[in-house]
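Step one of this worksheet: look at the structure below.
There are 2 protein chains.
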Amino acid sequence: MDKNAANFAPLSPVEFLNRAATVYPEKTAVVHGLIKYTYREFQNRCHRLATALSGRGINSGDTVAIMAPNTPAMLEAHYGVPLIGAILNPLNIRLDAKTLAFTLEHGKAKVLLTDREYSNVIKGALARMTAPPLVIDIDDPAGKGGELIGDIDYEALLGEGSEHADFNEPKDEWQTISLLYTSGTTGNPKGVLYHHRGAYLNTLGNMATFGLDHRSVYLWTLPMFHCNGWTFTWAVTAACGTHVCLRDVEPALIYPIIADHGVTHMCGAPVVLTMLENAPDAEKVEFPQTVEIATGGAAPPSSVIEAMERAGFRVTHLYGLTETYGPSLSCAWQDQWSGLNLEGRSAKMARQGVRYLTLRHAMIADPDTMEELPSDGKTIGELMLAGNTVMKGYLKNPEATAKALRGGWFHTGDLAVRHPDGYFEIKDRAKDVIISGGENISSLEVEETLYRHPKILEAAVVAKPHPKWGETPCAFVTLRPQTTADAAEIIDYCRENMARFKVPRTVIFGPLPKTSTGKIQKFSLRERAKKPE
Amino acid sequence: MDKNAANFAPLSPVEFLNRAATVYPEKTAVVHGLIKYTYREFQNRCHRLATALSGRGINSGDTVAIMAPNTPAMLEAHYGVPLIGAILNPLNIRLDAKTLAFTLEHGKAKVLLTDREYSNVIKGALARMTAPPLVIDIDDPAGKGGELIGDIDYEALLGEGSEHADFNEPKDEWQTISLLYTSGTTGNPKGVLYHHRGAYLNTLGNMATFGLDHRSVYLWTLPMFHCNGWTFTWAVTAACGTHVCLRDVEPALIYPIIADHGVTHMCGAPVVLTMLENAPDAEKVEFPQTVEIATGGAAPPSSVIEAMERAGFRVTHLYGLTETYGPSLSCAWQDQWSGLNLEGRSAKMARQGVRYLTLRHAMIADPDTMEELPSDGKTIGELMLAGNTVMKGYLKNPEATAKALRGGWFHTGDLAVRHPDGYFEIKDRAKDVIISGGENISSLEVEETLYRHPKILEAAVVAKPHPKWGETPCAFVTLRPQTTADAAEIIDYCRENMARFKVPRTVIFGPLPKTSTGKIQKFSLRERAKKPE
Chain A
0 MDKNAANFAP LSPVEFLNRA ATVYPEKTAV VHGLIKYTYR EFQNRCHRLA TALSGRGINS
60 GDTVAIMAPN TPAMLEAHYG VPLIGAILNP LNIRLDAKTL AFTLEHGKAK VLLTDREYSN
120 VIKGALARMT APPLVIDIDD PAGKGGELIG DIDYEALLGE GSEHADFNEP KDEWQTISLL
180 YTSGTTGNPK GVLYHHRGAY LNTLGNMATF GLDHRSVYLW TLPMFHCNGW TFTWAVTAAC
240 GTHVCLRDVE PALIYPIIAD HGVTHMCGAP VVLTMLENAP DAEKVEFPQT VEIATGGAAP
300 PSSVIEAMER AGFRVTHLYG LTETYGPSLS CAWQDQWSGL NLEGRSAKMA RQGVRYLTLR
360 HAMIADPDTM EELPSDGKTI GELMLAGNTV MKGYLKNPEA TAKALRGGWF HTGDLAVRHP
420 DGYFEIKDRA KDVIISGGEN ISSLEVEETL YRHPKILEAA VVAKPHPKWG ETPCAFVTLR
480 PQTTADAAEI IDYCRENMAR FKVPRTVIFG PLPKTSTGKI QKFSLRERAK KPE
Chain B
0 MDKNAANFAP LSPVEFLNRA ATVYPEKTAV VHGLIKYTYR EFQNRCHRLA TALSGRGINS
60 GDTVAIMAPN TPAMLEAHYG VPLIGAILNP LNIRLDAKTL AFTLEHGKAK VLLTDREYSN
120 VIKGALARMT APPLVIDIDD PAGKGGELIG DIDYEALLGE GSEHADFNEP KDEWQTISLL
180 YTSGTTGNPK GVLYHHRGAY LNTLGNMATF GLDHRSVYLW TLPMFHCNGW TFTWAVTAAC
240 GTHVCLRDVE PALIYPIIAD HGVTHMCGAP VVLTMLENAP DAEKVEFPQT VEIATGGAAP
300 PSSVIEAMER AGFRVTHLYG LTETYGPSLS CAWQDQWSGL NLEGRSAKMA RQGVRYLTLR
360 HAMIADPDTM EELPSDGKTI GELMLAGNTV MKGYLKNPEA TAKALRGGWF HTGDLAVRHP
420 DGYFEIKDRA KDVIISGGEN ISSLEVEETL YRHPKILEAA VVAKPHPKWG ETPCAFVTLR
480 PQTTADAAEI IDYCRENMAR FKVPRTVIFG PLPKTSTGKI QKFSLRERAK KPE
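Residue numbers (numbering that gives the first Met the number 0), protein chains in the order written: chain A, 0 to 532; chain B, 0 to 532.
In structure tokens form, the structure reads like this:
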């Protein structure tokens with residue numbers, strides 16, 4: 000009973016576009032400002048991109064990089080590039096020229112599609128390269144200008160292609176579809192490799208988790224360069240839903256779009272939720288539907304959950320990493336939680352949850368012995384994941400790959416407990432734990448307490464070196480607008496709400512530095528905490 | 000970048016049970032009359048079955064047959080048997096002793112689980128065998144009695160097992176999970192083999208197509224022995240929904256269950272819909288929810304769609320075969336159909352539709368040249384399917400396998416057109432076409448006209464040999480209760496509504512013979528049509 004063309008096809012999320020364009024050719028696939036593409040037009044553009052790249056000598060296994068916000072060109076690259084078996088390498092739009100030059104050279108990009116907005120930094124990156132790629136300008140009509148630095152314009156490139164492209168199916172579904180550099184805090188970025196199989200499965204996992212269907216309207220508040228938009232770049236198409244593009248995550252843009260386009264789903268880091276919550280009333284627009292909003296990267300505080308629910312959103316907490324195609328745990332809803340008060344409910348919802356339908360295994364374990372630890376809500380271990388939606392490995396980095404996947408599990412580097420109900424709760428990044436007088440302090444726990452303070456908008460806690468205790472907690476705090484507080488008030492509040500040794504000794508006020516995906520940059524806070532205040 | 004345990008796991012639908020039992024351990028997994036099992040209990044029972052079978056010497060690759068209606072034991076077999084790598088062989092409960100003996104011997108069943116209701120026919124089958132399997136009686140408390148003929152009782156067998164079983168994962172996801180004999184109309188039945196990969200993918204396809212989630216309550220009106228219940232045996236568990244078992248498809252049972260258990264989804268042959276529609280008012284119970292009902296095997300007539308909608312059901316038409324894990328086309332809804340009148344809408348909905356999300360290819364082609372035919376709604380070709388949800392092949396039948404899968408496509412044997420909107424519509428089984436005076440007559444088309452006659456409840460049209468024309472259409476008709484009509488009235492009606500050469504020359508009244516899955520047995524009608532009336 001051998002495999003043959005009748006009963007075996009390599010799994011690939013690229014082919015969902017063909018199905019959508021066949022079943023719903025006239026349906027709106029992509030909206031971007033005044034631009035609307037039907038699924039037929041969207042497919043035609045992807046086919047043009049694929050065949051034009053072929054014509055320019057791009058072959059299966061070659062890398063095509065893209066530097067773009069959430070625009071149609073960025074979406075099209077998710078199909079046009081892998082259609083010919085090439086590898087898509089979405090670049091983090093917040094990176095500096097030096098890091099971009101490193102990744103372009105490390106990933107051997109043969110082509111770079113780049114939005115005008117980033118011409119300056121891209122010019123700097125290209126100047127550092129000995130063999131720069133073919134550069135294609137994306138001149139988005141909704142863009143903000145910027146120099147044209149490319150060899151050809153994106154629309155002109157599409158003009159070189161044909162509306163009819165054959166899908167150069169991967170012979171092996173293990174073939175690489177995407178290359179994503181993690182914004183490492185030290186050393187060079189690592190290139191995470193996804194395969195067609197994993198991307199296909201995570202796509203179906205997203206559909207199952209969020210109930211996407213052909214009526215879904217997905218707003219792109221999550222950067223597509225981030226884990227291929229948690230694979231929603233493919234999932235929305237698989238569902239035959241509508242992609243609504245968005246260059247800038249601004250409440251003044253988001254609220255009217257939600258209302259005008261009937262948005263049903265969106266994703267974003269907690270900072271997106273906080274931003275929506277804290278938008279001035281003048282920017283808020285009411286809408287009749289409930290919008291499913293998935294968030295990850297940090298637990299949404301109960302005050303945020305409450306405010307979002309009042310504003311018409313339903314929040315789901317996810318957990319994942321670049322190495323796991325984005326979401327790999329989700330806080331699956333239990334009907335009995337409806338009966339809890341807000342605080343009880345938020346405490347349940349703030350947990351990272353249970354494994355995704357398409358992830359195979361998750362556990363907390365001692366990383367040395369790999370022994371699974373009890374689900375008692377107390378014992379802390381490293382969160383380990385395994386299954387088809389774990390990366391192939393890091394490009395040209397066998398050591399880091401072996402270390403990350405040692406013992407048959409992906410080592411997340413996150414410290415978690417597992418509750419008796421089976422739900423995981425991250426307690427800290429392994430490197431974020433504060434060790435004070437030999438006692439472990441979870442920076443997350445201190446942050447959660449700080450977030451409950453009525454005047455605090457955002458908070459982050461890191462270790463500050465201390466001559467006697469080794470380390471002590473140092474809190475960085477942003478206050479809500481029109482409020483004032485001093486360090487003593489914050490410290491007093493902490494004393495009333497946590498064990499004495501966990502109370503921050505230092506409180507520093509001001510805005511918090513964030514990564515391009517909205518995560519607070521603890522490494523930079525750690526540097527600041529090292530300096531005497 | 001090699002596969003390893005961290006980033007590769009063979010796809011298998013069996014493991015969805017473990018996830019459901021972890022995430023929703025206290026949720027009702029299975030309802031059967033007064034019996035309710037939570038997901039924890041359901042998993043425990045499946046584990047007991049798996050380990051007890053192991054203890055009885057059943058190994059990976061061995062076949063375990065089951066003869067049972069839609070009961071918990073039947074569901075448990077869908078997990079307990081493949082958990083240890085064994086092959087599940089669900090038997091068609093309507094078969095005769097001789098055919099059953101053939102399939103048990105052909106499939107080399109080592110164990111037979113059998114519901115008391117079928118003791119007579121099973122005794123007959125076992126008597127014909129030289130090496131009968133270990134026989135286990137399923138003594139369902141909701142059953143109808145019947146002799147105990149086994150070596151051990153099912154519950155006693157579970158008592159031999161343990162609540163903790165390790166999943167003996169297939170090393171290769173291509174490993175066989177299930178063996179299903181097609182009820183061939185001539186010759187011996189053919190044993191269709193499913194693998195873990197295909198079953199996993201069709202499960203996700205069902206979830207996506209029907210939006211199953213943890214609030215779904217699925218009523219088992221479709222026999223589980225039929226393509227593993229179209230793989231809903233696994234899909235409902237993957238969604239963490241509730242299975243509601245049902246021994247007998249009777250409206251007097253179905254309506255109260257829909258109301259009492261809040262059923263959201265069910266499947267069945269058109270005869271199930273007709274039965275529900277035509278139930279006496281005393282048996283009908285109103286319910287507040289809309290029930291999604293998927294039907295396949297024949298197009299639902301517009302009168303049935305209308306009556307079902309009025310009664311609170313939403314009908315979706317599916318198409319599939321045993322060889323394709325059940326559903327492989329579905330009539331995906333287009334929002335603009337809402338604006339059509341009933342006749343227009345029914346005409347759209349009666350089509351078999353577009354490929355399932357998890358099927359890779361579908362086309363109509365000339366079976367000799369394998370050339371794809373145009374989507375003009377007129378040109379008739381053979382429907383061809385390809386992808387991961389096409390069977391491995393027929394057990395020990397390389398000739399039939401090669402014939403069915405020749406040219407890299409599964410040849411369905413069904414004749415279809417493809418409409419300009421890409422939707423497929425079956426015109427006939429290849430062998431059901433009537434050739435009269437050299438002209439092809441679609442028996443389905445004649446049947447559709449007959450179904451629109453207000454007095455006709457059911458109709459089937461087959462070829463009757465004719466000395467001059469070769470063949471002529473012969474109609475078999477069941478009238479609605481309390482109506483009368485004669486052949487002349489029916490023929491007159493046909494003359495007004497179709498081309499002259501398509502009008503049946505003969506009309507025979509009476510009940511129609513059906514297969515166990517509700518399909519009209521055209522081969523037996525063909526035999527009758529051969530006789531002079």
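All C-beta atoms, glycine included, are put in the ideal place defined by N, C-alpha and C.
Open item on the list: Less than 8 Å between CB atoms is the rule here; does Ala487 (chain A) satisfy it with respect to chain B?
Closed with: Sequence index remark: in the first sequence, residue 487 (chain A) carries index 488 (1-based). Chain B contact via Cβ: absent.
TODO: From the DSSP output, in three-state form, read off Thr184 (chain A) for me.
DONE: Taking the first residue of the first sequence as 1, we reach residue 184 (chain A) at position 185. Interpretation of Thr184 (chain A) is limited by its pLDDT of 47, a score under 50 that renders its predicted location unreliable; the figure taken from the coordinates is listed afterwards. Here DSSP, grouped into helix, strand and coil, assigns Thr184 (chain A) to coil.
Open item on the list: Judging by CA-CA distance, which residue of B:Ile57, B:Asp138, B:Ser161 and B:Gly142 is the nearest neighbour of Ile151 (chain B)?
Closed with: As a first step, residue 151 (chain B) must be located in the second sequence, where it is residue number 152. The option with the nearest alpha carbon to Ile151 (chain B) is B:Asp138.
- [ ] Check whether the Cβ atoms of Val30 (chain B) and Thr241 (chain B) lie closer than 8 Å to each other.
- [x] As a working note, residue 30 (chain B) is residue 31 in the second sequence. As a working note, residue 241 (chain B) is residue 242 in the second sequence. Going by C-beta atoms, Val30 (chain B) is nearer than 8 Å to Thr241 (chain B).
TODO: Return the CA-CA distance between Val13 (chain B) and Lys430 (chain B), expressed in angstroms with no decimal places.
DONE: Residue mapping note: residue 13 (chain B) aligns to position 14 of the second sequence, counting from 1. Residue mapping note: residue 430 (chain B) aligns to position 431 of the second sequence, counting from 1. For Val13 (chain B) and Lys430 (chain B), the distance between alpha carbons rounds to 37 Å.
Task: Minimum C-alpha distance to Glu495 (chain B) - residue among B:Arg451, B:Ala462 and B:Ala459 - done: Here residue 495 (chain B) refers to the residue found at position 496 when the second sequence is read from its first residue. Per the Cα distances, B:Arg451.
Task: Cutoff 7 Å; reference Ile83 (chain B); Cβ partners in own chain excluding five residues on either side - done: What you label residue 83 (chain B) is simply residue 84 of the second sequence in a count that begins at 1. Spatial neighbours of Ile83 (chain B) in its own chain (CB-CB distance under 7 Å, excluding positions within 5 residues in sequence) are listed in chain order as Ala49, Leu52, Ser53, Ile57, Ser59 and Asn167.
Open item on the list: By the DSSP assignment, the beta strand (DSSP E) with Ser327 (chain A) in it spans what residues?
Closed with: Here residue 327 (chain A) refers to the residue found at position 328 of the first sequence. Element bounds for Ser327 (chain A): Gly325 to Ser329.
TODO: Starting from the N-terminal side, write out each stretch of the alpha helix (DSSP H) that is 4 residues or longer and does not extend beyond the region 242-283 of chain B.
DONE: List check, alpha helix (DSSP H) in window: 250-260 and 269-276.
Open item on the list: Would Gly149 (chain B) and Met0 (chain A) be called neighbours here (beta carbons separated by less than 8 Å)?
Closed with: Residue numbering aside, residue 149 (chain B) sits at position 150 when the second sequence is read from its first letter. Residue numbering aside, residue 0 (chain A) sits at position 1 when the first sequence is read from its first letter. No. Outside cutoff.
TODO: Alpha carbon to alpha carbon, how far is Phe409 (chain A) from Ala4 (chain B)? Give it in angstroms, no decimals.
DONE: The residue given as residue 4 (chain B) occupies position 5 in the second sequence. The residue given as residue 409 (chain A) occupies position 410 in the first sequence. Each residue's Cα considered, the two are about 9 Å apart.
Open item on the list: Does chain A have any CB closer than 8 Å to the CB of Val290 (chain B)?
Closed with: Within the second sequence, residue 290 (chain B) is the residue found at index 291, counting from 1. Among the CB atoms of chain A, none fall inside 8 Å of the CB of Val290 (chain B).
Task: Best match in B:Ile253, B:Ala124 and B:Cys239 for proximity to Glu285 (chain B) [C-alpha to C-alpha] - done: In the second sequence, counting from the first residue as 1, residue 285 (chain B) sits at position 286. Comparing Cα-Cα distances from Glu285 (chain B) to each of B:Ile253, B:Ala124 and B:Cys239, the minimum goes to B:Ile253.
Open item on the list: On the CB-based measure, 16 or more other CB atoms within 10 Å of its CB, does Ser442 (chain B) come out buried or exposed?
Closed with: Against the second sequence, residue 442 (chain B) aligns to sequence position 443. Counting Cβ neighbours within 10 Å, Ser442 (chain B) comes out buried, since at least 16 surround it.
Task: Three CB pairs or more closer than 8 Å across the region 288-298 of chain A and the region 306-326 of chain A - done: Yes, since at least three Cβ pairs between the region 288-298 of chain A and the region 306-326 of chain A fall closer than 8 Å, the two stretches touch.
Task: beta-carbon Ile92 (chain A) near the ligand FAD non-hydrogen atom, thresh 7 Å - done: With respect to the ligand FAD, the structure offers nothing, as it holds no ligand at all.
- [ ] Quick one: using the 10 Å Cβ neighbour count with 16 as the cut-off for buried, is Ser337 (chain A) buried or exposed?
- [x] Counting from one through the first sequence, the residue named residue 337 (chain A) turns up at place 338. Residue burial is scored here from C-beta neighbours: Ser337 (chain A) has fewer than 16 other C-beta atoms within 10 angstroms and is therefore classed as exposed.
TODO: Give a yes or no on whether the minimum CB-CB distance between Ala429 (chain A) and chain B is below 8 Å.
DONE: Along the first sequence, read from residue 1 onward, the residue named residue 429 (chain A) stands at position 430. Nearest CB-CB separation between Ala429 (chain A) and chain B: not below the 8 Å threshold.
Open item on the list: Using beta carbons (cut-off 8 Å, strictly below), is Lys18 (chain B) in contact with chain A?
Closed with: Walking along the second sequence from the start, residue 18 (chain B) turns up at place 19. A small fix is needed here, since residue 18 (chain B) is Arg in this sequence, not Lys. Interface residue, yes.
Open item on the list: With a threshold of 8 Å between beta-carbons, can Val416 (chain B) be considered close to chain A, or not?
Closed with: Residue numbering aside, residue 416 (chain B) sits at position 417 when the second sequence is read from its first letter. By this cut-off, Val416 (chain B) is not an interface position.
Task: Inter-residue Cα distance where the pair is Gly412 (chain A) and Asp365 (chain B) - done: As a working note, residue 412 (chain A) is residue 413 in the first sequence. As a working note, residue 365 (chain B) is residue 366 in the second sequence. If you take the alpha carbons of Gly412 (chain A) and Asp365 (chain B), they lie about 57 Å apart.
Task: Distance CB(Leu192 (chain B))-CB(Thr181 (chain B)) smaller than 8 Å - done: Along the second sequence, read from residue 1 onward, the residue named residue 192 (chain B) stands at position 193. Along the second sequence, read from residue 1 onward, the residue named residue 181 (chain B) stands at position 182. Result no, Cβ atoms of Leu192 (chain B) and Thr181 (chain B) do not sit closer than 8 Å.
TODO: With 8 Å as the threshold, decide whether the Cβ of Leu356 (chain B) is near any Cβ in chain A.
DONE: To locate residue 356 (chain B), count along the second sequence from 1; it is residue 357. Interface annotation, Leu356 (chain B): in contact with chain A, CB-CB separation under 8 Å.
- [ ] To the nearest angstrom, report how far apart Gly376 (chain A) and Arg499 (chain A) are at their CA atoms.
- [x] The residue given as residue 376 (chain A) occupies position 377 in the first sequence. The residue given as residue 499 (chain A) occupies position 500 in the first sequence. Gly376 (chain A) and Arg499 (chain A): Cα-Cα distance of roughly 22 Å.
- [ ] Measure the C-alpha to C-alpha separation of Asp485 (chain A) and Leu356 (chain B) and round it to an integer number of angstroms.
- [x] As a position in the first sequence, residue 485 (chain A) is number 486, starting the count at 1. As a position in the second sequence, residue 356 (chain B) is number 357, starting the count at 1. Going by the C-alpha atoms only, they are around 58 Å apart.
TODO: Check the Cβ of Leu443 (chain B) against every Cβ in chain A and list those closer than 7 Å, keeping chain order.
DONE: Counting from 1 along the second sequence, the entry for residue 443 (chain B) is found at position 444. Residues of chain A with a Cβ closer than 7 Å to the Cβ of Leu443 (chain B) do not exist; the shortest Cβ-Cβ separation is about 23 Å.
Open item on the list: Less than 8 Å between the C-beta atoms of Glu276 (chain B) and Met307 (chain B), yes or no?
Closed with: Numbered from its first residue, the second sequence carries residue 276 (chain B) at position 277. Numbered from its first residue, the second sequence carries residue 307 (chain B) at position 308. Yes, the pair counts as a contact, with Cβ atoms nearer than the cut-off.
- [ ] State the Cα-Cα distance for the pair Asp280 (chain B) and Ala310 (chain B), rounded to the nearest angstrom.
- [x] If you number the second sequence from 1, residue 280 (chain B) lands on position 281. If you number the second sequence from 1, residue 310 (chain B) lands on position 311. Rounded to the nearest angstrom, the two C-alpha atoms are 11 Å apart.
Open item on the list: Suppose the cutoff is 6 Å on Cβ atoms and the five residues either side in sequence are ignored; what does the same chain contact list for Phe312 (chain A) look like?
Closed with: Within the first sequence, the letter at position 313 stands for residue 312 (chain A). Excluding positions up to five away in sequence, the list reads Val290 and Ile292.
Task: chain B contact for Ala234 (chain A) (CB, 8 Å cutoff) - done: By 1-based counting over the first sequence, the position of residue 234 (chain A) is 235. Judged by the 8 Å Cβ criterion, Ala234 (chain A) is not in contact with chain B.
Task: Cα-Cα separation between Thr37 (chain A) and Thr27 (chain A), rounded to whole angstroms - done: As a position in the first sequence, residue 37 (chain A) is number 38, starting the count at 1. As a position in the first sequence, residue 27 (chain A) is number 28, starting the count at 1. Taking the straight line from one Cα to the other gives about 4 Å.
- [ ] Could you check which residue in A:Glu381, A:Ile433 and A:Asn396 has the C-alpha nearest to that of Phe423 (chain A)?
- [x] Stepping through the first sequence from its first residue, residue 423 (chain A) is reached at position 424. Considering only alpha carbons, the answer is A:Glu381.
TODO: Determine whether the Cβ of Thr184 (chain B) lies closer than 8 Å to any Cβ atom of chain A.
DONE: Counting from one through the second sequence, the residue named residue 184 (chain B) turns up at place 185. Low confidence applies here, because Thr184 (chain B) scores a pLDDT of 47, under 50, leaving its location unreliable; read the following figure in that light. Under the 8 Å criterion on CB atoms, Thr184 (chain B) is classed as non-interfacial with respect to chain A.
Open item on the list: Which residue marks the beginning of the beta strand (DSSP E) containing Arg525 (chain B), and which one marks its end?
Closed with: In the second sequence, residue 525 (chain B) corresponds to position 526, counting from 1. Per DSSP, Arg525 (chain B) lies in no beta strand (DSSP E) segment; the continuous alpha helix (DSSP H) that holds it begins and ends at Lys521 to Lys529.
- [ ] Please decide whether Leu48 (chain B) counts as near chain A, where near means a Cβ-Cβ distance under 8 Å.
- [x] As a working note, residue 48 (chain B) is residue 49 in the second sequence. Not an interface residue.
Open item on the list: Per DSSP, what are the beta-bridge partners of Tyr36 (chain B) in this structure?
Closed with: What you label residue 36 (chain B) is simply residue 37 of the second sequence in a count that begins at 1. Looking at the DSSP assignment, Tyr36 (chain B) forms a beta bridge with B:Val29.
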